[in-house]
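Trainee: Each number in my numbering corresponds to the 1-based position in the sequence shown with 5 added. Beta carbons: idealized from backbone N, C-alpha and C, even for Gly.
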Amino acid sequence: MSYGPVEYERFDSAIGLNWYLTDPNLRSLMDIYLPPQRRAWAEEHLVRWGALCGQSIARRSEVVDKSPPRLERYDPWGREVCQVVHHPDNLANKRDVWEQGPHALQARGEEVPPVLGGAFTYMLSQADTGLVCATGMTGGVADLVARFAPPDVKARFLPHLLSPSFDEGWDGAMFMTELEGGSDLSRIATTARPLDGDRWLLNGSKWFCSNVDARAIVTLARPEGAPEGLKGIALFLVPALRADGTRNGIVIKRIKDKLGTRSVPTAEVDFVDAEAYILSSPRGESSEARGLNRMMSMVNGSRLGVANMALGIMRRSFLEAAIYAAHRRAFGRRLDELPLVRETLVDMALDLEAAAALVFEAYSHSGRRGDEESRRLYRILVPLAKFRAARRGVELASQGLEIMGGNGYIENFPMARQLRDAQCHTIWEGTENIIALDVWRAIAREGAHEALFARLETALERADHSLLERPRQVAAGALAQAREAVSFLAAADDELRQLHARRLSSLLADVSQAALLLEEAAHELERDGSARKAAVAGLFVRRRLQSAPLGGIDDDRSALRLFPAVVRYEPLEPAALPTY
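1. Which word fits residue 515, buried or exposed, when buried means at least 16 other C-beta atoms lie within 10 angstroms of its C-beta?
2. Using beta-carbon positions only, say whether residue 530 and residue 472 come within less than 8 Å of one another.
3. Just checking my contact of residue 248 with residue 280 at CB under 8 Å: how many whole Å lie between their CB atoms?
4. Please tell me whether residue 319 and residue 134 are closer than 8 Å, where the distance is taken between their beta carbons.
5. Is DSSP giving residue 183 helix, strand or coil here?
6. Identify the residues that DSSP records as bridge partners of residue 205: which are they?
7. Cα-Cα, which of 221, 270, 356 is closest to residue 150?
8. Note down the Cα distance separating residue 131 from residue 58, rounded to an integer number of angstroms.
9. So who's on the other strand from residue 221, going by DSSP bridges?
10. I'd like to check one pair, residue 240 with residue 225: are the Cβ atoms closer than 8 Å?
11. Unbroken beta strand (DSSP E) runs of length 3 or more, entirely within the region 509 to 540: which are they?
12. Please return the same chain residues whose Cβ sits closer than 6 Å to the Cβ of residue 229, not counting the five positions on each side in sequence.
13. Check for me: the alpha helix (DSSP H) holding residue 79 runs from which residue to which?
14. Does residue 227 come out as helix, strand or coil in the three-state DSSP assignment?
15. Is it buried or exposed for residue 126, if we count other Cβ within 10 angstroms and need 16 for buried?
16. In whole angstroms, what is the alpha-carbon distance linking residue 155 and residue 393?
17. Mapping the DSSP letters down to three states, classify residue 211 as helix, strand or coil.
18. From what residue to what residue does the alpha helix (DSSP H) around residue 502 run?
19. Under 8 Å, with one C-beta from each stretch per pair, do the region 380 to 392 and the region 437 to 444 reach the 3-pair mark?
20. Considering only DSSP beta bridges, list what residue 273 is partnered with.
21. With distances taken Cα to Cα, identify the nearest neighbour of residue 77 among 55, 511, 243, 259.
22. What is the DSSP secondary structure of residue 551, counted as helix, strand or coil?
23. Which one or two residues does DSSP pair with residue 252 in a beta bridge?
24. Judging by CA-CA distance, which residue of 250, 67, 368, 387 is the nearest neighbour of residue 38?
25. If you follow the beta strand (DSSP E) that residue 486 is part of, which residue opens it and which one closes it?
26. For the beta strand (DSSP E) that contains residue 87, what are its first and last residues?
27. Which same chain residues, not among the five before or five after residue 549, have their C-beta less than 6 Å away from its C-beta?
28. Does the structure place the region 9 to 28 close enough to the region 50 to 65 that three or more beta carbon pairs sit under 8 Å?
29. Ends of the alpha helix (DSSP H) at residue 138?
30. Apart from the five residues just before and just after residue 267, which ones in its own chain have a Cβ nearer than 7 Å to its Cβ?
31. How would you write the range of the alpha helix (DSSP H) that residue 101 sits in, first residue to last?
32. Is it right to say residue 42 is buried, meaning 16 or more other beta carbons lie within 10 angstroms of its own, or is it exposed?
33. Suppose only complete runs of 3+ residues qualify. What are the beta strand (DSSP E) ranges in the region 303 to 371, listed by chain order?
34. Only counting the same chain, and skipping five residues up and downstream in sequence, which positions put a Cβ closer than 8 Å to that of residue 165?
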């Protein structure tokens, strides 16, 4: 069913709205990806969560950004306590996320499909991506504990990690980066020595530790006697408290003064005989026994989470810009009546929906254990989603700020923080260069591109509709070029492959988004008889996959004619769809 239109002139700000009910594209994605038998159940929770994120959590997040967590390293008697002090609104937000989000549903025994969890994260990201980081790693830590921890450690940690109560819960974190070993994890210098039983003592420093006051931390260290390089790294679980209840040897040296994502404390940490439990053996015979492999299973999920954070900022930036343009007047007209503003908003909507197609397709393949095709698809879709959404998040935040003009640059308005926060996502869980190299690694080591190409061919087959024929042909041609590009680089030397890694990732992302948008368009035409998504897909293909003579200067007015459909989500009669 059609969920539009959206009348932006009725709203004063994005804050105060229900971010689910005012997002027709998200609702359509839920129709596509959620099991039909769970759709009504999910709708109830999505509506509730959309109101919570858009109202109380969003309002508090503005306060927390101006009153970020601070470190009290010593108590009044000079004893080292390393206590992080949060603003009450930050604690209230964390409590709401813990007790009303997907964690709470799972704690009550409900099965939460990854796509639904992704929708929850997407809406929360529109309020504060720092809050997503602070609350989003607990599930990954719990999964590692459940799979790899000794029985007594599981018995101690899992009841807290899975607790429905915020007060009784232990939140999770992941400390990886060291001063001399950022992206190059082979240089990790933190050491571990056995203590007794399953317990070890860690010593060393970590340089970027987000959610630093988490109660359950996973980290990498090199056991005494282990070989140099990646093979000698083991995975450890570090509790905030020792087994005897005393504070563990986790010294928080300082909280970093960050550009954005201020609500989550990121700090420099020393492990000083920190009590820890090994979750892997560095001397195992299989690659699964190596600590890095187990940590990377959590990193891949975190990368998809970062892509979703960026997607949330894209949506918030678009929404704020559309609302502002519906109110502000210049040259005797509303901003959203001016051609250049209309084109900007149309382009923002195209990038938003294209990135959403990629992100939610990745979520649809998450957790399908035993399905090799889905595993390979997930393996390549995650870095592609992170590569594309993180960069577009920065670009859309900048565009949204510019539509607001000088007001957008002022911290009293919402866009300045979105731009500050967006820049983090190109770095978190791997810079753009690292992600592009990971795309090639997925191709070279796992043949993940073949699973991707097969999925895109299926999407284009499903887009077999007369209205979609021209963009479908263009997308099919781009897919053929992508195959040729992979074959060319497979025969190239490593230096040339690295040189072109970003270009290949960009091509694969463009082709994937185009095919998925065309598939969505066919679904909407069949279900609703509306050509709105067909307009989105056609415009995206034209902008991203076709060359533009004269730099795109022609008599095409699609951005103006299709503005009500693309930006305001109005249904579009198939006869009104332009032909290119």
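Mentor: So, from the listed chains and residues:
1. With 16 or more other Cβ atoms within 10 Å, it is buried.
2. It is a contact, given that the beta carbons lie within the stated cut-off.
3. Cβ atoms of residue 248 and residue 280 come within 8 Å of each other, at about 7 Å.
4. Taking 8 Å as the Cβ cut-off, residue 319 and residue 134 do not qualify as a contacting pair.
5. Under the three-state reduction of DSSP output, residue 183 falls in the strand class.
6. Residue pairing from DSSP places residue 205 in a beta bridge opposite 199, 281.
7. Checked all of 221, 270, 356; the closest Cα to residue 150 is 221.
8. Between residue 131 and residue 58, the C-alpha separation is close to 8 Å.
9. 177, 244, per the DSSP bridge assignment.
10. Taking 8 Å as the cut-off, the Cβ atoms of residue 225 and residue 240 count as close.
11. Fully contained in the region 509 to 540 is no beta strand (DSSP E) run of length 3 or more.
12. If we look at residue 229 and ignore the five residues flanking it on each side, its Cβ neighbours are 198.
13. In the DSSP assignment, residue 79 falls outside any alpha helix (DSSP H) and within the unbroken beta strand (DSSP E) covering 75 to 79.
14. Secondary structure of residue 227 (DSSP, three-state): strand.
15. It is buried - the Cβ of residue 126 has at least 16 other Cβ atoms within 10 Å.
16. Their backbone Cα atoms lie some 39 Å apart in a straight line.
17. Note: residue 211 maps to strand in three-state DSSP.
18. 499 to 504 is the span of the alpha helix (DSSP H), which, as asked, contains residue 502.
19. Per the Cβ contact rule, the region 380 to 392 is in contact with the region 437 to 444 (3 or more Cβ pairs under 8 Å).
20. Residue 273 is bridged by DSSP to 259.
21. Here the closest residue by C-alpha is 259.
22. Reduced to three states, the DSSP call for residue 551 is coil.
23. Per the DSSP secondary-structure output, residue 252 pairs in a beta bridge with 246.
24. If we check each option's Cα against that of residue 38, 368 comes out closest.
25. Premise fails: residue 486 lies in the alpha helix (DSSP H), 474 to 495, not in any beta strand (DSSP E).
26. Annotation: the continuous beta strand (DSSP E) that includes residue 87 extends over 85 to 90.
27. So the qualifying residues of the chain are 515.
28. With the cut-off at 8 Å, the region 50 to 65 and the region 9 to 28 touch.
29. Membership of residue 138 in the alpha helix (DSSP H) is indicated by the continuous run 134 to 141.
30. Excluding sequence neighbours, residue 267 sits near 70, 73, 135.
31. DSSP places residue 101 in the uninterrupted alpha helix (DSSP H) bounded by 93 to 105.
32. If you draw a 10 Å sphere on the C-beta of residue 42, you find fewer than 16 other C-beta atoms in it, and that means exposed.
33. Here no run is fully enclosed.
34. Within the same chain, residue 165 has close Cβ partners 173, 174, 175, 220, 221.
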